[in-house]
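Asks: Okay, handing you the structure first.
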Amino acid sequence: MSGTVLVTSRSFGSGGFDAEAALTAEGYRVVRAGAAHDLGELAPLLADADGWIAGTGPVTAAHLDLAPRLRGIARYGVGVDNIDLAAAAARGIPVTNTPGANSTAVAEHTIALLLTALRGIPAADRRVRVGDWSGRSARELSALTVGVVGLGRIGRLVIERLRAFGATVIGADPWVDAADPIFDAVERADAESLATRCDVVTLHAPGGQTVIDERWLAADDRPVLLVNTARADLVDEEAVARAARRGRVAAYAADTLAKENAGDSASPLLAADLADRVVVTAHLGAQTREGVDGMGRMAVADMVALLTGSAPAHPVRA
1256 MSGTVLVTSR SFGSGGFDAE AALTAEGYRV VRAGAAHDLG ELAPLLADAD
1306 GWIAGTGPVT AAHLDLAPRL RGIARYGVGV DNIDLAAAAA RGIPVTNTPG
1356 ANSTAVAEHT IALLLTALRG IPAADRRVRV GDWSGRSARE LSALTVGVVG
1406 LGRIGRLVIE RLRAFGATVI GADPWVDAAD PIFDAVERAD AESLATRCDV
1456 VTLHAPGGQT VIDERWLAAD DRPVLLVNTA RADLVDEEAV ARAARRGRVA
1506 AYAADTLAKE NAGDSASPLL AADLADRVVV TAHLGAQTRE GVDGMGRMAV
1556 ADMVALLTGS APAHPVRA
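Residue numbers (our numbering): 1256 to 1573.
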């Protein structure tokens, strides 16, 4: 066996499992490149790539046109909305992902962000550092009603943890049948109704849709805490910023933003006047040792299968 595998995931092999060594042991040369998937940077590397272990950056038809030897793409993570699956299928390039590998990590990060925003921890830390030891009243999670949008692996793990805190939980997912056992544990509702019923709403749905928009936010004036560890396009960030300023959004905590570069084009949620109500982390949800190792093992195994003509364990259908 021989060939070249391009790796563009930031955390590939950064846990306890040496994913790069595992590929090398199978006879493959590993080439690393930036996670942004810049076409200029990747052009010469894609020309020689037999396999591609891709992170969160876009994988477009233009990328695939630069990769005449490519025999498979292993998405290092779960979501594949960054990959043009139709373009890959048209070129006969199979795609895999790593379902479940980082679900626990993301669920735990969701709870961490929720509690951080609920108790105003970043703002409290900033006050202490300038000598202000004044307190601020907060709410207890056990007293709140939490809406969970998206009842896949991560959403269900989040529900388990919310119920352990004693929160009242409502679940929304149009693709989950009403007879699903999850609704023995939580009330079933639609995402629209959560606008008037919930103190907290946490998002775990696929991208490609907007759940929290101007209309959703205008349905009530009660303060709501929003958490997003899924996809940036699930929220209208301009609408959320406006709602935060008028008090409709008590806090927003996220692991992703639509505009993740600094400067004039930065997300409106990063405005200085919202600093005490907005908490953002840089795609840290999956970044635990266990999550990274799980993704690494699955991506390597599927990549080897793709390059040797075997059936991968986790194929993604276009």
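Note that beta-carbon positions come from the ideal geometry of N, C-alpha and C, so glycine has one too.
Have a look at 1480, 1283, 1438 and 1555 and flag the residue whose alpha-carbon is nearest the alpha-carbon of residue 1507.
Replies: For residue 1507, the nearest C-alpha among the options comes from 1480.
Asks: Starting from residue 1371 and walking both ways along the alpha helix (DSSP H), at which residues does that stretch end?
Replies: 1358-1373
Asks: Out of curiosity, what's the CA-to-CA distance linking residue 1354 and residue 1386?
Replies: 46 Å
Asks: Start and end of the beta strand (DSSP E) containing residue 1298?
Replies: Note, residue 1298: premise wrong, no beta strand (DSSP E); alpha helix (DSSP H) at 1294-1301.
Asks: So which of 1432, 1436, 1467 and 1431 has the shortest CA-CA distance to residue 1448?
Replies: 1467
Asks: Consult DSSP for residue 1590 and reduce its assignment to one of helix, strand or coil.
Replies: Within the shown structure, residues of the chain are numbered from 1256 to 1573, placing residue 1590 beyond reach of any answer.
Asks: For residue 1344, which residues in the same chain have their Cβ closer than 6 Å to its Cβ, ignoring the five residues on either side in sequence?
Replies: 1573
Asks: Let me confirm a value: residue 1349 is counted as buried when at least 16 other C-beta atoms fall within 10 Å, else exposed. Which label applies?
Replies: buried
Asks: Quick one: give me the first and last residue of the beta strand (DSSP E) that residue 1285 is part of.
Replies: In the DSSP assignment, residue 1285 falls within the unbroken beta strand (DSSP E) covering 1283-1287.
Asks: Mark residue 1305 as exposed unless 16 or more other C-beta atoms lie within 10 angstroms of its C-beta, in which case mark it buried.
Replies: buried
Asks: Taking the alpha-carbon positions, what's the residue 1502 to residue 1290 distance?
Replies: 36 Å
Asks: Distance, Cα to Cα, residue 1547 vs residue 1329?
Replies: 14 Å
Asks: Run through the segment 1370-1425 for me and flag every whole beta strand (DSSP E) of 3 or more residues, listed as ranges in chain order.
Replies: 1400-1404
Asks: Once the 5 residues before and after residue 1275 are set aside, which same chain residues still bring their CB inside 6 Å of it?
Replies: 1268 and 1285
Asks: Given a threshold of 16 other Cβ atoms within 10 Å of its Cβ, counted over all protein chains shown, does residue 1432 qualify as buried or as exposed?
Replies: exposed
Asks: Going by DSSP, name the residue or residues bridged to residue 1306.
Replies: 1260
Asks: Who are the Cβ neighbours of residue 1442 in its own chain at under 6 Å, not counting the five residues just before and after it?
Replies: 1425
Asks: What first and last residue would you give for the beta strand (DSSP E) that runs through residue 1278?
Replies: From DSSP, residue 1278 is part of no beta strand (DSSP E) but of the alpha helix (DSSP H) over 1274-1280.
Asks: Where do the ends of the alpha helix (DSSP H) carrying residue 1496 lie?
Replies: 1492-1501
Asks: Which two residues bound the contiguous alpha helix (DSSP H) that contains residue 1437?
Replies: 1437-1440
Asks: Apply the 10 Å Cβ neighbour rule to residue 1314 and answer buried if 16 or more other Cβ atoms are within range, or exposed otherwise.
Replies: buried
Asks: May I ask you to report which of helix, strand or coil DSSP gives residue 1455?
Replies: strand
Asks: Alpha carbon to alpha carbon, what distance is there between residue 1494 and residue 1339?
Replies: 28 Å
Asks: Of all the options 1259, 1542 and 1460, which has the alpha carbon lying nearest to the alpha carbon of residue 1281?
Replies: Here the closest residue by C-alpha is 1259.
Asks: Rounded to the nearest angstrom, what separates residue 1521 and residue 1460 at their Cα positions?
Replies: 24 Å
Asks: Helix, strand or coil for residue 1509? Go by DSSP, reduced to three states.
Replies: strand
Asks: According to DSSP, what are the bridge partners of residue 1483?
Replies: 1458 and 1509
Asks: Give a yes or no on whether the C-beta atoms belonging to residue 1400 and residue 1477 are separated by under 8 Å.
Replies: no
Asks: Relative to the alpha-carbon of residue 1293, which residue among 1321, 1562 and 1331 has its alpha-carbon at the smallest distance?
Replies: 1321
Asks: Are residue 1544 and residue 1295 close, meaning C-beta to C-beta below 8 Å?
Replies: no
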